[in-house]
Amino acid sequence: AETYDAVALQEKWRAVWDEREPFTADDDSPREKRYALTMFPYPSGDLHMGHAEVFALHDVVARYWRFRGYEVMNPIGWDSFGLPAENAAIRNDEHPSTYTYANIETQAASMRHYGLAFDWSRRLHTSDPEYYRWTQWLFTKFRERGLAYRKNSAVNWCPQDQTVLANEQVVDGACERCGAEVTKRELTQWYFRITDYAEELLSELDALEATWPNRVVTAQRNWIGRSEGAHVSFVVEGREEPLRVYTTRPDTVFGATFMVVAADAPLAAELCTDEQQEALEAYRAEVRRASDIERLATDRPKTGVFLGVHATNPVTGAQVPVWASDYVLADYGTGAIMAVPGQDQRDWEFAARFDLPVIRTVQPPADFEGEAFTGDGAAINSANDEIDLDGMGVAEAKAVVIPWLESKGLGEGTVNYRLRDWLLSRQRYWGVPIPVVHCPSCGEVDVPEDQLPVELPELRGADLKPKGVSPLAAAEDWVNVDCPSCGGPAKRDSDTMDTFVDSSWYFLRYCSPRYTGGPFDPAVTNAWMNVDLYIGGVEHAVLHLLYARFFTKVLRDMGLLETGEPFGAQLNQGFVINQGKKMSKSLGNGVNLGAQLDEFGVDAVRLTLVFAGPPEDDIDWSEMSPSGSLRFLQRAWRLAGDVTSAPGTDPAGGDAALRSVTHRTVEEVQRLVEGHKFNVVVARTMELVNATRKAIDTGAGPADPAVREAAETVAQLLSLVAPYVAEEMWERLGHEPCVAQSTWLDVDPALLVQASVTAVVQVQGKVRARLEVSPDVTPADLEAAALADEGVQRAIEGREVRKVVVRAPKLVNVVV
Ligand code: ANZ
Ligand code: ZN
Numbered sequence: 014a015e016t017y018d019a020v021a022l023q024e025k026w027r028a029v030w031d032e033r034e035p036f037t038a039d040d041d042s043p044r045e046k047r048y049a050l051t052m053f054p055y056p057s058g059d060l061h062m063g064h065a066e067v068f069a070l071h072d073v074v075a076r077y078w079r080f081r082g083y084e085v086m087n088p089i090g091w092d093s094f095g096l097p098a099e100n101a102a103i104r105n106d107e108h109p110s111t112y113t114y115a116n117i118e119t120q121a122a123s124m125r126h127y128g129l130a131f132d133w134s135r136r137l138h139t140s141d142p143e144y145y146r147w148t149q150w151l152f153t154k155f156r157e158r159g160l161a162y163r164k165n166s167a168v169n170w171c172p173q174d175q176t177v178l179a180n181e182q183v184v185d186g187a188c189e190r191c192g193a194e195v196t197k198r199e200l201t202q203w204y205f206r207i208t209d210y211a212e213e214l215l216s217e218l219d220a221l222e223a224t225w226p227n228r229v230v231t232a233q234r235n236w237i238g239r240s241e242g243a244h245v246s247f248v249v250e251g252r253e254e255p256l257r258v259y260t261t262r263p264d265t266v267f268g269a270t271f272m273v274v275a276a277d278a279p280l281a282a283e284l285c286t287d288e289q290q291e292a293l294e295a296y297r298a299e300v301r302r303a304s305d306i307e308r309l310a311t312d313r314p315k316t317g318v319f320l321g322v323h324a325t326n327p328v329t330g331a332q333v334p335v336w337a338s339d340y341v342l343a344d345y346g347t348g349a350i351m352a353v354p355g356q357d358q359r360d361w362e363f364a365a366r367f368d369l370p371v372i373r374t375v376q377p378p379a380d381f382e383g384e385a386f387t388g389d390g391a392a393i394n395s396a397n398d399e400i401d402l403d404g405m406g407v408a409e410a411k412a413v414v415i416p417w418l419e420s421k422g423l424g425e426g427t428v429n430y431r432l433r434d435w436l437l438s439r440q441r442y443w444g445v446p447i448p449v450v451h452c453p454s455c456g457e458v459d460v461p462e463d464q465l466p467v468e469l470p471e472l473r474g475a476d477l478k479p480k481g482v483s484p485l486a487a488a489e490d491w492v493n494v495d496c497p498s499c500g501g502p503a504k505r506d507s508d509t510m511d512t513f514v515d516s517s518w519y520f521l522r523y524c525s526p527r528y529t530g531g532p533f534d535p536a537v538t539n540a541w542m543n544v545d546l547y548i549g550g551v552e553h554a555v556l557h558l559l560y561a562r563f564f565t566k567v568l569r570d571m572g573l574l575e576t577g578e579p580f581g582a583q584l585n586q587g588f589v590i591n592q593g594k595k596m597s598k599s600l601g602n603g604v605n606l607g608a609q610l611d612e613f614g615v616d617a618v619r620l621t622l623v624f625a626g627p628p629e630d631d632i633d634w635s636e637m638s639p640s641g642s643l644r645f646l647q648r649a650w651r652l653a654g655d656v657t658s659a660p661g662t663d664p665a666g667g668d669a670a671l672r673s674v675t676h677r678t679v680e681e682v683q684r685l686v687e688g689h690k691f692n693v694v695v696a697r698t699m700e701l702v703n704a705t706r707k708a709i710d711t712g713a714g715p716a717d718p719a720v721r722e723a724a725e726t727v728a729q730l731l732s733l734v735a736p737y738v739a740e741e742m743w744e745r746l747g748h749e750p751c752v753a754q755s756t757w758l759d760v761d762p763a764l765l766v767q768a769s770v771t772a773v774v775q776v777q778g779k780v781r782a783r784l785e786v787s788p789d790v791t792p793a794d795l796e797a798a799a800l801a802d803e804g805v806q807r808a809i810e811g812r813e814v815r816k817v818v819v820r821a822p823k824l825v826n827v828v829v
């Protein structure tokens, strides 16, 4: 059979696309706008199979919307600052900028080769000064609004990358990027006050439930971690100010037999008696040496030190000792707890270790054999002269005790969030300089707007290896400046920003990428936003997606954006794996994308990835058949060569059965794409190819206008996944390029009704005829048609018909 040359096709059509740029979005178009966004890549190396998958899936949607008549913006850019690129550059003994921009060019060329429907006119790189100028501007605006501030505290420190990390970047006590165990350091750092938006970030997740993956919504809810409880005040001997604690279980206050303060909080030293200061200091030194992994390990024995003071339990009047320990966190709640060992396992273990009393305040079930009982049950030991909780369940006891504490001035109901402020300073070179000058007389001074960007100095030849202090601090010429306020000698802030700051607003910049009056043109951006579909990896469920939502809300409050939620719908693709395992260097099971493309062609690889299964599922490449995909594409392509009617032929009057298949396919594809069932779109396209082939070979014939209609539809459907061969088919069918800009078939509702079904007629259990009948044929009509059939008459051979069983419209059974 006739075949095409995939490589030759690719070269031919890439030249046409490069010249025509068919996917440039028009801001002023009267059409309804749709914004398709794929997470922009880090420029570390060339594209890999994972990129190939996500871009192939994403392209289906972008191209489909275009067919549906929307003005589609489908931009691309690079998240080009940051640790991965910087680390790779240092390993290769290159300047990060050389390495980064070379990789960007490689990836851009691969994307073009891969035939993606990107709008190249909107391309951006976050490491370009004209981009990060606005990242700096945003930082300054956040500072004006009190949303960026500097504070000293114990922070997460990656000893490998020699930089601080945000809480979001610490995964199970290890650095999200390099896997090293994270330790603590006391440092003065910049923070974004994301906690101001905790409630809104949480409550607006409800509306996203319908269109966001469940696991992302859940991960964000857990990360924000809202809990309801109370603040309770304990009087401390010899101290005017009470010790306040945050508790989610104020109902257990009768069982509070000791108190624990975070060892690394200043409060611990404040409360500590002179005699105990030395012991406290020794303990704090020990705590600082431990990593978070050790600190959080549940099987680790509890440690702590007595502070030498007692507090009064406000409901029992008992004198309870105050301790310091590292199992209480300095930056959560008030940094101090009332310990209730009867109901809290951590407190139980602490009490056991230091021999402190336990009073149960919830009755465990008779068969309970554990230590602390954390379940629901009747309150016990929980009464004094004024209040009696005994017998109440947890919820009821809470509802009674909170107003009582409030009426006595002993506490108040409150809401708490696990979410912490976002630590954004990084002690690394390859990032956005923080636009602040430190002046001995004026303090922290913003670099004025007209002096932005503060450009990152090149420092060619300098040692950029991480040393715990940003390499910028050693760049004397750069770091020493005149104070923008008083003109005196001052120093630039030498830290750079977390890369996640760069990616928190890039989707806004895409809307007006060359705008010079601000980070984006509000009018244009508001016309494009929200992003209608955001496709990317689930690893960003908390970090990037939470930060981007935060930025969007702040920009809305600044009056620059109308929307407070950036991403309408979201899809997380699965992984491409090999032989059941994640691809990795150590396993040697990596699949090289370039080699696959060379062997099977772009179209076949893309089709394979989309057809593999639901987009959320992992794809095991070893189970895929790109050569099978290529054979199918050849089959589809041959249809175009067989059609003999002229382009523009009116399909009305063509073969009704084939037309019905074509129209039903197009109608169903609408629902399939919107429902992200891209693999089924491919399956339906395959069915349409089969139906068309059958019509050409054994049915209406190649001249029938319905055959042209079907073949043209195949070309359009295929262009969603296999753009090169689709373009070639379109040309062979006598059309001008590009198929992606052609008009999608207008579905005729009259053709959606199935025109006919096949009824099988059996005589004595043997099939003797197949009749094409209307789906609504009456049993009587079907029986008459069956008995009138020649083949059936021959089988009856004049014998007497004893019985006719009719199951309209599919089956007739004749018994003689
Ligand atoms: C007494 C109590 C009794 C508690 C009980 C729990 C069970 P969430 O739900 O995460 O908000 N806590 C408060 N501040 C803390 C801190 N800085 N570091 C470590 N633990 C802290 O957890 C709130 C509960 O965690 C609080 O309620 C407190 O212990 C503890 F049967 O208070 B609870
Ligand atoms: Zn000054």
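Residue numbers (UniProt numbering): 14 to 829. Even for Gly, the Cβ is constructed at its ideal location relative to N, Cα and C.
Per DSSP, reduced to three states, the secondary structure at Trp170 is strand. Under the 10 Å beta carbon count, Glu725 is surrounded by 16 or more other beta carbons and is classified as buried. The three-state secondary structure of Trp743, taken from DSSP, is helix. The residue among Thr260, Thr261 and Trp336 with its C-alpha nearest the C-alpha of Ala292 is Trp336. A straight-line Cα-Cα distance of about 22 Å links Pro142 and Glu157. When the Cα atoms are used, Thr231 and Glu222 turn out to be separated by approximately 9 Å.
Annotated three-state conformation of Tyr112 is helix, per DSSP.
Here the alpha carbon of Ala412 sits roughly 32 Å from the alpha carbon of Leu284.
Rounded to whole angstroms, the gap between the alpha carbons of Ala503 and Ala487 is 14 Å.
Taking Ala728 as the centre and dropping the five residues before and after it, the same chain places the C-beta of Ala739, Met742, Trp743 and Val752 closer than 6 Å to its C-beta, in chain order.
Inside the segment 486-549, DSSP marks whole alpha helix (DSSP H) runs of 4 or more residues at positions 489-492, 512-515, 519-522 and 535-541, from first to last along the chain. In the assembly as shown, Ser420 is an exposed residue. Its beta-carbon has fewer than 16 other beta-carbons within 10 Å.
Gln586 is the residue among Gln586, Leu652 and Gly666 whose C-alpha sits nearest the C-alpha of Phe68. The residues Tyr430, Arg431 and Leu432, in chain order, have a CB closer than 7 Å to that of Gly238 in the same chain once the five nearest residues on each side in sequence are set aside. Looking at the DSSP output, Pro334 sits in a beta bridge with His323. Ranked by how close their Cα comes to the Cα of Gly390, the residues Trp147, Gln464 and Arg373 have Arg373 in first place. At the C-beta level, Val245 and Pro263 come within 8 Å of one another. Between Ala392 and Asp403, the C-beta spacing is below 8 Å. Between Ser517 and Phe580 the beta-carbon gap is near 12 Å, outside 8 Å, which marks them as no contact. Proximity to Arg163 across Val450, Asp655, Arg677 and Ser599 peaks at Val450, based on C-alpha coordinates. Per the Cβ contact rule, the segment 434-442 is in contact with the segment 161-179 (3 or more Cβ pairs under 8 Å). Out of Thr286, Thr111 and Glu636, the CA that lies nearest to the CA of Val322 is found in Thr286. Annotated as distal: Ala75 and Asp616, with beta-carbon spacing of 8 Å or more.
Just so you know, the alpha carbons of Lys690 and Gly58 end up roughly 31 Å apart. Under the three-state reduction of DSSP output, Ala772 falls in the strand class. Close CB contacts of Thr208 within its chain, under the 6 Å cut and outside five residues either way in sequence, are with Leu432 and Asp434 (chain order).
Only residues of its own chain outside the window of five on either side were considered, and among them Leu465 and Pro466 have a CB closer than 7 Å to the CB of Arg146, listed in chain order.
The Cβ atoms of Lys823 and Ala772 lie closer than 8 Å to each other. Between Ala343 and Ala167, the gap from beta carbon to beta carbon is short of 8 Å.
In the DSSP assignment, Gln202 falls outside any alpha helix (DSSP H) and within the unbroken beta strand (DSSP E) covering Thr196 to Phe205. Linking Tyr210 to Val184 through their CA atoms gives a straight-line distance of about 23 Å. Taking all protein chains in view, the Cβ of Ala28 is surrounded by fewer than 16 other Cβ atoms within 10 Å, so the residue is classified as exposed.
Between Val760 and Val720, the C-beta gap is not smaller than 8 Å, which leaves the two residues out of contact. Excluding the 5 residues flanking it on each side, Gly667 has same chain C-beta neighbours closer than 6 Å at Asp717, Pro718 and Ala719, in chain order. Residue pairing by DSSP places Val375 opposite Ala392 in a beta bridge. Counted as a single uninterrupted DSSP element, the beta strand (DSSP E) harbouring Lys46 occupies residues Lys46 to Thr51.
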